[in-house]
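> Structure in structure tokens, see below.
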Amino acid sequence: MSAIYHFTTQWHFAAPVDRTWFVVLDIERYPGWWKNFRRVRVVKGDGKSVGSVVECEVRGSLPYSLTYAIEVVEAERPRHILLRSTGDLVGTGRWAFSEPAPGESLAVYYWDVATTNPILNLI
Numbered sequence: 080m081s082a083i084y085h086f087t088t089q090w091h092f093a094a095p096v097d098r099t100w101f102v103v104l105d106i107e108r109y110p111g112w113w114k115n116f117r118r119v120r121v122v123k124g125d126g127k128s129v130g131s132v133v134e135c136e137v138r139g140s141l142p143y144s145l146t147y148a149i150e151v152v153e154a155e156r157p158r159h160i161l162l163r164s165t166g167d168l169v170g171t172g173r174w175a176f177s178e179p180a181p182g183e184s185l186a187v188y189y190w191d192v193a194t195t196n197p198i199l200n201l202i
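Printed below as a string of structure tokens:
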């Protein structure tokens, strides 16, 4: 049986929401600002448009890395981005954007995933 996880991550940016939307959609650049991302490689499309697939390797507090692919399912500028993940983590992700003050933006990532590795499921 898979372990199911629900994560919510908030990012505050000193930039307008329209610009933040483009930064977040550019998954290939995640290692530059999201410390858990070790490696990112575009395997289909340009990595930024609907249908694109990006392979990711991440490492958190556990002593090993996870590899999964992210597919851009929907991208509605500047409101939200929907993603689907496969591999070590299977599920969906949703970025939601708002502008709490002029020139500032809030990006909230809701990620609902299950682990596929039997060893991870024991943890």
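Taken in order, the sequence shown gives residues 80 to 202; the numbers are from the working numbering. Beta carbons: idealized from backbone N, C-alpha and C, even for Gly.
Are there 16 or more other CB atoms within 10 angstroms of the CB of LEU141, so buried, or fewer, so exposed?
exposed
> Starting from the Cα of GLY182, find the closest Cα among VAL137, PRO95, SER81 and give me that residue.
PRO95
> Give every residue of the same chain whose Cβ lies closer than 6 Å to the Cβ of GLU150, excluding the five residues on either side of it in the sequence, and list them in chain order.
VAL132, ARG163
> Would you mind sorting PRO106 into buried or exposed? The rule is 16 or more other CB atoms within 10 Å of its CB.
For the sequence presented, residue 106 should be read as Ile rather than Pro. Buried: at least 16 other Cβ atoms inside 10 Å.
> On the DSSP letters alone, give me the boundaries of the alpha helix (DSSP H) that TRP100 sits inside.
96-104
> From TYR147 to SER128, what does the alpha carbon distance come to, in whole angstroms?
18 Å
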